[in-house]
Every structure is written in C-alpha cells, then in structure tokens.
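Chains as they are written, first to last, in my numbering: chain A, 1 to 114; chain B, 1 to 113.
Backbone N, C-alpha and C define an ideal beta-carbon position, used for all residues, glycine too.
Note that this is a predicted model, so its numbers are computed, not measured.
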Amino acid sequence: EAQVTQNPRYLITVTGKKLTVTCSQNMNHEYMSWYRQDPGLGLRQIYYSMNVEVTDKGDVPEGYKVSRKEKRNFPLILESPSPNQTSLYFCASSFKGQGSYGYTFGSGTRLTVV
Amino acid sequence: KNQVEQSPQSLIILEGKNCTLQCNYTVSPFSNLRWYKQDTGRGPVSLTIMTFSENTKSNGRYTATLDADTKQSSLHITASQLSDSASYICVVSPYSSASKIIFGSGTRLSIRP
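Here it is, written out as structure tokens:
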C-alpha cells in the first residue's frame, strides 16, 4: 500500500532532550516536507526537500533540523525541544513537478514537550 | 502576502442536509487549488484538485467550484453523512513555487444525527 509512515504517533518528552521523528514513504517520491499544525493556525511548513541531499527551510524552521540521505526517508530532528514545539506534526510527499498535486500525508505525530 | 482564508470556522448541520464551505485566496498567479478532508488527529486526504482554468470538480458527494476572477472557491457537500464530520482545508499552490503551498486554517464540520 502506498503510504507515508511516521513514527512515533505520540511522544511526550522533556525540555532539552533531543528527539527524532521518522518519516518514510514507499512511493519513490522526490519531494518531501514537514508541517506542524496548531489550533487556529492551520498547517505551517517547517522544512522541505526536493530530492536526496537537497533541503530548504519552510516558514517555521527555527528549532528543527532535517536530513535527506535516502530518497524514502526524511527525519525531523529537534536538538533541544522546548514547550512551544508542542504540536501535531505531519510529513508529506509527492512527485517532483507535481508537488502541488496529490500530496500524500502521514498520519501525524502528536508531540508534547514538558 | 499570499493568503488563504476559509469560512465559516465551524459549522454544525443535520445528517442528510447539504452545506457549502468557502475559501477566499489572494495567491496570484496560482497553479492549482485543492480541498482536503482531515479527520481528527489524522493526516489530510485530498478530495479535489482544480487548475486555474477549471470551474468545477466533483468527487462523489463533494463538488468544488472555482472562480478565478473573484479568487473564490467553494466546497459543496450533498446529503451529508456522519462520516463527513471533519475539518476541510483549502490549499493553494503559487505558480512560482510548487514547494510553497499555502494552507487555509480549515472549516470544522460537525454532522448531527
């Protein structure tokens, strides 16, 4: 089944403890992106990647890192999480050039930083 | 600044009734406009996609319309079902950057039996 898989689905952590949220897609998509969703603000782009080893900042990149060493994986790294990063996170992917068509989203990761 | 605004913020209707959700955007030029359905705690799922030259697109009981002159889109849901309870998000892709799609904040729809 074609899908974007995020792990974990739920995570509670403490301020300052590094964490990684994994994202993997099995559709051979070139384009991958991370979003956070907060009440009343909609989805905001954190980082995106047009292909392997090509990443760029979205609208809210502060406090996050990403890497794209393989086409299928695009992990989101929080080096020193803070409470304001408590949010619902989504990974998405699509074919390059069709990035504005048919994004496939993961099921989400609900992160709580205390 | 490119923006996408949706109305209403929330809507409650009875099962079996029709409803229309609105999306106004300032993105211009744009490549396409999409409507997504997002169940609580889940990832958005695409319902319809329209390019700037299309006026209407249907997907079962969902029909999206687009007026590029007034920069408005609507999503009409016919004969609503309990499973239609979700958030509906309007998304616009600027022509200049497929990677910088712009999300509306969504309309939360609740269907009551």
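Notebook entry, point to check: Of the choices A:GLY40, A:PHE95, A:TYR64, A:GLU70, whose alpha-carbon is the least far from that of MET27 (chain A)?
Noted result: A:PHE95
Next item on the list: Figure out for me which residue from B:ILE102, B:THR48, B:ASN2, B:THR40 has the closest Cα to the Cα of ILE46 (chain A).
Entry: Nearest to ILE46 (chain A) by C-alpha distance, out of B:ILE102, B:THR48, B:ASN2, B:THR40, is B:ILE102.
Checklist line | Segment limits, beta strand (DSSP E) that includes HIS29 (chain A) | finding: In the DSSP assignment, HIS29 (chain A) falls outside any beta strand (DSSP E), carrying neither H nor E.
Check: Would you call the CB atoms of GLY104 (chain B) and GLN38 (chain B) closer than 9 Å?
Finding: no
Notebook entry, point to check: Between PRO8 (chain A) and the rest of its own chain, which residues show a CB-CB distance below 8 Å, the 5 nearest in sequence each way excluded?
Noted result: Excluding residues within five positions, the ones whose Cβ falls inside 8 Å are VAL21, THR109.
Notebook entry, point to check: Can you name the residues that DSSP bridges to LEU33 (chain B)?
Noted result: Bridge partners of LEU33 (chain B): B:MET50, B:VAL92.
Check: Can you list, in chain order, the residues of its chain whose CB lies under 8 Å from that of VAL60 (chain A), leaving out five sequence neighbours each side?
Finding: ARG36, ARG44, GLN45, ILE46
Notebook entry, point to check: Quick one: what's got a C-beta closer than 6 Å to HIS127 (chain B)'s C-beta in the same chain, skipping five residues either side?
Noted result: The question about residue 127 (chain B) has no answer, for chain B in this structure spans 1 to 113.
Notebook entry, point to check: In angstroms, rounded to a whole number, what distance separates the CA positions of SER24 (chain A) and VAL4 (chain A)?
Noted result: 6 Å
Next item on the list: Give the DSSP-derived three-state secondary structure of LEU82 (chain B) in the structure shown.
Entry: helix
Notebook entry, point to check: Which class does ASN51 (chain A) belong to by DSSP, given the choice of helix, strand or coil?
Noted result: strand
Margin query: Give me the subset of the segment 38-55 of chain B whose CB atoms are less than 8 Å from a CB atom of chain A, sorted by chain position.
Written below: GLY41, ARG42, GLY43, PRO44, VAL45, SER46, ILE49
Next item on the list: Measuring alpha carbon to alpha carbon, tell me which of A:MET32, A:THR15, A:VAL113, A:TYR103 ends up nearest ARG72 (chain A).
Entry: A:MET32
Check: Taking 9 Å as the CB-CB cut-off, is SER7 (chain B) touching chain A?
Finding: no
Next item on the list: Go to LEU76 (chain A), then tell me how far its beta strand (DSSP E) extends in each direction, as first and last residue.
Entry: Per DSSP, LEU76 (chain A) belongs to the beta strand (DSSP E) from 76-78.
Notebook entry, point to check: Mind listing which residues of the segment 79-92 of chain A have their C-beta closer than 7 Å to chain B's C-betas, in chain order?
Noted result: PHE90
Check: How would you list, in chain order, the residues of chain B whose beta-carbon sits under 7 Å from the beta-carbon of SER107 (chain A)?
Finding: ARG42, GLY43, listed in chain order.
Notebook entry, point to check: If you check the beta carbons only, do VAL74 (chain B) and SER31 (chain B) fall under 9 Å apart?
Noted result: A small correction: the amino acid at residue 74 (chain B) is Ser; Val does not occupy that position in the sequence shown. No. Outside cutoff.
Note to self: To be precise: take each residue of the segment 57-70 of chain A, compare its Cβ to all Cβ atoms of chain B, and keep it if any distance is under 7 Å. Which residues remain?
What the structure shows: none
Checklist line | Same chain, Cβ closer than 6 Å to GLN9 (chain B), five either side skipped, listed in chain order | finding: none
Next item on the list: Name, in chain order, the residues that DSSP records as bridge partners for SER87 (chain B).
Entry: B:GLN38, B:ARG108
Check: In whole angstroms, what separates the C-alpha of ASN47 (chain B) from that of TYR88 (chain B)?
Finding: Note on identity: in this sequence residue 47 (chain B) is Leu, with Asn being the wrong assignment. LEU47 (chain B) and TYR88 (chain B): Cα-Cα distance of roughly 9 Å.
Margin query: Beta-carbon within less than 7 Å of ASN55 (chain B)'s beta-carbon, same chain only, minus the 5 sequence neighbours each way: which residues are those?
Written below: Excluding residues within five positions, the ones whose Cβ falls inside 7 Å are THR65, LEU66.
Notebook entry, point to check: Do PHE74 (chain A) and PHE90 (chain A) have their C-beta atoms closer together than 9 Å?
Noted result: no
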